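Chemist: Structure provided below as structure tokens; questions to follow.
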Amino acid sequence: MRNDLPVMCSILKRVEYGATAASLTIQYPCQFQPGQFIMAWIPGVDEKPFSISRHNPTAGTIELTVKRLGPVSAHIADLTVGDRVGIRGPYGNPFNPQADCVIVSGGVGLAAVAPLMEMFPNAPALYGENSSTQIMLADRFPRMRIFTMDGSAGEKGFPTDPLPEILAARKPKVVYTCGPEVMMAKVARICHDAGVAGQISLERYMKCAVGVCGQCCMDGERVCVDGPVFDSERLLKGKDFAFRGLDKSGTWVYKAQPE
Ligand SMILES: Cc1cc2nc3c(=O)[nH]c(=O)nc-3n(C[C@H](O)[C@H](O)[C@H](O)COP(=O)(O)OP(=O)(O)OC[C@H]3O[C@@H](n4cnc5c(N)ncnc54)[C@H](O)[C@@H]3O)c2cc1C
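Residues in the sequence shown are numbered from 2 upward in steps of one, following the numbering used here.
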């Protein structure tokens, strides 16, 4: 069962990751599958989609991991225990979970794949950030390989660097990924070259989350209801993945191209 009208829910717990991000545990009993997201509403501010980074059906809680990028995310990341936030959902098509997998994330894309990493703790998990100050969820996933662009933590470089070698050695059934589209486009091409399936979770500007408004359209599909998880080969065949997207006002904007 899902709520399509926001339910005001209390923050039960908060974990801060430097100045960049925070995880919030919220009382919101729901049915959830990894890869799904909720809409979080701050009355008088705005409503935005966030992945469920952890689900505890026994306690009736979800966790959101929110990076401060702009006004809404900063507001939500600043909520403290006892504050309330409006939640509706969960929405979207989930990942198709298979144990024989590799998981690649960049930035706050880690939130979307965290439930899969919990489900498959022995799967190789690669996670990248710009620098050590941005690292999240490291205590929860001590086995994940961390990559930083400036080399200030973990291995210097991108989480995609070792992927071709890992796919050649393990020949997994699937690669799951969420992060910047430029990174996911690289993952998609590596999967294509290795003959491995890829499942990609897209983050596009969203408003209604129920397939009505068209804000998240790309290649004729709506990320909110047809995704956010898409097959990598499907995305590679389209013209919008890692190339262009609708901005907040509904205008097409062109993205930096992958090398
Ligand atoms: C399915 C889905 C799941 C998401 N899960 C999470 C999550 O778990 N944690 C989290 O922190 N965020 C998540 N997001 C992103 C989140 O919804 C907000 O977009 C983000 O928090 C920024 O919102 P804002 O209003 O604070 O800033 P904005 O003012 O909207 O954005 C600040 C800047 O960030 C960039 N930006 C933000 N969102 C987008 C976008 N969709 N496309 C292109 N550029 C963008 C732009 O450069 C923009 O100028 C998710 C998005 C989707 C669609």
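Glycine included, every Cβ here is placed at the ideal spot set by N, Cα and C. Model, not experiment: these values are computed from the prediction.
#1: May I ask you to report which of helix, strand or coil DSSP gives residue 250?
#2: If contacts are defined as beta-carbon pairs under 8 Å, then residue 65 and residue 25 qualify, I think. What distance do you get, rounded to the angstrom?
#3: Can we count residue 265 as close to ligand 1, meaning its CB is less than 7 Å from some heavy atom?
#4: With contact counted as at least three CB pairs below 8 Å, one residue from each stretch, are the stretch 211 to 218 and the stretch 245 to 253 in contact?
#5: Just to confirm the assignment, what range does the alpha helix (DSSP H) spanning residue 188 have?
#6: Between residue 95 and residue 35, which are expected to be in contact by the criterion C-beta below 8 Å, what is the C-beta distance as a whole number of angstroms?
#7: For the alpha helix (DSSP H) holding residue 225, just list the boundary residues, first then last.
#8: Grouping DSSP H, G and I as helix and E and B as strand, with all else coil, what is residue 93?
#9: Contact check, residue 124 vs residue 147 under 8 Å by CB: the rounded distance?
#10: Taking the alpha-carbon of residue 59 as reference, which of 144, 141, 83 and 31 has the nearest alpha-carbon?
#11: Whole angstroms are fine: how far does the CA of residue 186 sit from the CA of residue 192?
#12: Using a 10 Å radius around the Cβ and a threshold of 16 neighbouring Cβ atoms, would you call residue 223 buried or exposed?
#13: Please check the pair residue 236 and residue 206, which I expect to be a contact at CB under 8 Å, by giving their CB distance rounded to whole angstroms.
#14: For residue 218, list the residues DSSP reports as bridge partners.
#15: Let me check you understand the geometry: is the CB of residue 109 closer than 7 Å to at least one non-hydrogen atom of ligand 1?
#16: Please classify residue 143: is it buried, with 16 or more other beta-carbons within 10 angstroms of its beta-carbon, or exposed?
#17: Rounded to a whole number of angstroms, what is the C-alpha to C-alpha distance between residue 161 and residue 22?
#18: Going by the DSSP bridge assignment, what does residue 50 pair with across the sheet?
#19: Could you tell me if residue 138 is buried or exposed, where buried requires 16 or more neighbouring beta carbons within 10 angstroms of its beta carbon?
#20: Report back the beta-carbon spacing between residue 197 and residue 173 to the nearest angstrom; my notes put them in contact at under 8 Å.
#21: Would residue 28 and residue 62 be called neighbours here (beta carbons separated by less than 8 Å)?
#22: Is residue 54 near ligand 1, in the sense that its beta carbon is under 7 Å from a heavy atom of that ligand?
#23: By DSSP's criteria, residue 235 is part of a beta bridge. Which residues make up the other side?
#24: So, at 6 Å on beta carbons, what are the nonlocal neighbours of residue 48 in its own chain, with the 5 sequence-adjacent residues on each side left out?
#25: At which residues does the beta strand (DSSP E) containing residue 25 begin and terminate?
#26: Please confirm whether any heavy atom of ligand 1 lies closer than 7 Å to the CB of residue 215.
#27: When the distance is taken between beta carbons, is residue 86 closer than 8 Å to residue 14?
Modeler: Based on what the coordinates show:
#1: For the purposes of this step, residue 250 is taken as the residue at position 249 of the sequence shown. In this structure, residue 250 counts as coil in the three-state DSSP scheme.
#2: By 1-based counting over the sequence shown, the position of residue 65 is 64. By 1-based counting over the sequence shown, the position of residue 25 is 24. Confirmed, about 5 Å.
#3: Residue 265 lies beyond the range of the chain shown here (2 to 260); nothing can be said about it.
#4: yes
#5: The count along the sequence shown starts at 1 and reaches residue 188 at position 187. Where residue 188 is concerned, the enclosing alpha helix (DSSP H) stretches over 182 to 195.
#6: Along the sequence shown, one-based indexing puts residue 95 at 94. Along the sequence shown, one-based indexing puts residue 35 at 34. Their Cβ separation, rounded to whole angstroms, is 6 Å, which keeps residue 95 and residue 35 in contact under 8 Å.
#7: If you number the sequence shown from 1, residue 225 lands on position 224. Note, residue 225: alpha helix (DSSP H), 224 to 227.
#8: Position 92 of the sequence shown, counted from the start, is the residue given in the question as residue 93. Looking at residue 93 - three-state DSSP - the assignment turns out to be coil, as it is neither helix nor strand.
#9: Working through the sequence shown from its first residue, we reach residue 124 at position 123. Working through the sequence shown from its first residue, we reach residue 147 at position 146. Rounded, the Cβ-Cβ distance is 16 Å, inconsistent with contact.
#10: Within the sequence shown, numbered from 1, the residue matching residue 59 stands at position 58. Ranking 144, 141, 83 and 31 by Cα distance to residue 59 puts 31 first.
#11: Along the sequence shown, read from residue 1 onward, the residue named residue 192 stands at position 191. Along the sequence shown, read from residue 1 onward, the residue named residue 186 stands at position 185. Near 10 Å, if we compare the C-alpha coordinates of residue 186 and residue 192.
#12: For the purposes of this step, residue 223 is taken as residue 222 along the sequence shown, with counting starting at 1. With 16 or more Cβ atoms within 10 Å of its Cβ, residue 223 is classed as buried.
#13: The residue you call residue 236 lines up with position 235 of the sequence shown. The residue you call residue 206 lines up with position 205 of the sequence shown. Not really, about 17 Å apart at Cβ, beyond 8 Å.
#14: The sequence position of residue 218 within the sequence shown is 217, counting from 1. 223, per the DSSP bridge assignment.
#15: Along the sequence shown, one-based indexing puts residue 109 at 108. At least one heavy atom of ligand 1 is nearer than 7 Å to the Cβ of residue 109, so yes.
#16: In the sequence shown, the residue the question calls residue 143 occupies position 142. Classification of residue 143: exposed, given that the 10 Å Cβ count is below 16.
#17: Walking along the sequence shown from the start, residue 161 turns up at place 160. Walking along the sequence shown from the start, residue 22 turns up at place 21. So the two alpha carbons sit approximately 23 Å from each other.
#18: Counting from one through the sequence shown, the residue named residue 50 turns up at place 49. Residue pairing of residue 50 in beta bridges, as defined by DSSP: 40.
#19: Taking the first residue of the sequence shown as position 1, residue 138 is located at position 137. With 16 or more Cβ atoms within 10 Å of its Cβ, residue 138 is classed as buried.
#20: Residue numbering aside, residue 197 sits at position 196 when the sequence shown is read from its first letter. Residue numbering aside, residue 173 sits at position 172 when the sequence shown is read from its first letter. Going by Cβ atoms, the distance from residue 197 to residue 173 rounds to 6 Å, so yes, they are a contact pair.
#21: In the sequence shown, residue 28 corresponds to position 27, counting from 1. In the sequence shown, residue 62 corresponds to position 61, counting from 1. Yes, the Cβ-Cβ distance between residue 28 and residue 62 is below 8 Å.
#22: Here residue 54 is taken as the residue at index 53 of the sequence shown, counted from 1. Correct: residue 54 has its Cβ closer than 7 Å to ligand 1.
#23: As a working mapping, residue 235 is identified with position 234 in the sequence shown. According to DSSP, which records beta bridges pairwise, residue 235 is partnered with nothing at all.
#24: Numbered from 1 along the sequence shown, position 47 holds the residue referred to as residue 48. Correct list, in chain order: 40 and 42.
#25: For the purposes of this step, residue 25 is identified with residue 24 of the sequence shown, where counting begins at 1. Its beta strand (DSSP E) spans residues 22 to 28.
#26: As a working mapping, residue 215 is identified with position 214 in the sequence shown. No; taking the cut-off as 7 Å, the Cβ of residue 215 has no heavy atom of ligand 1 nearer than that.
#27: Position 13 of the sequence shown, counting from 1, holds the residue named residue 14. Position 85 of the sequence shown, counting from 1, holds the residue named residue 86. Against a cut-off of 8 Å, the Cβ pair of residue 86 and residue 14 comes out as no contact.
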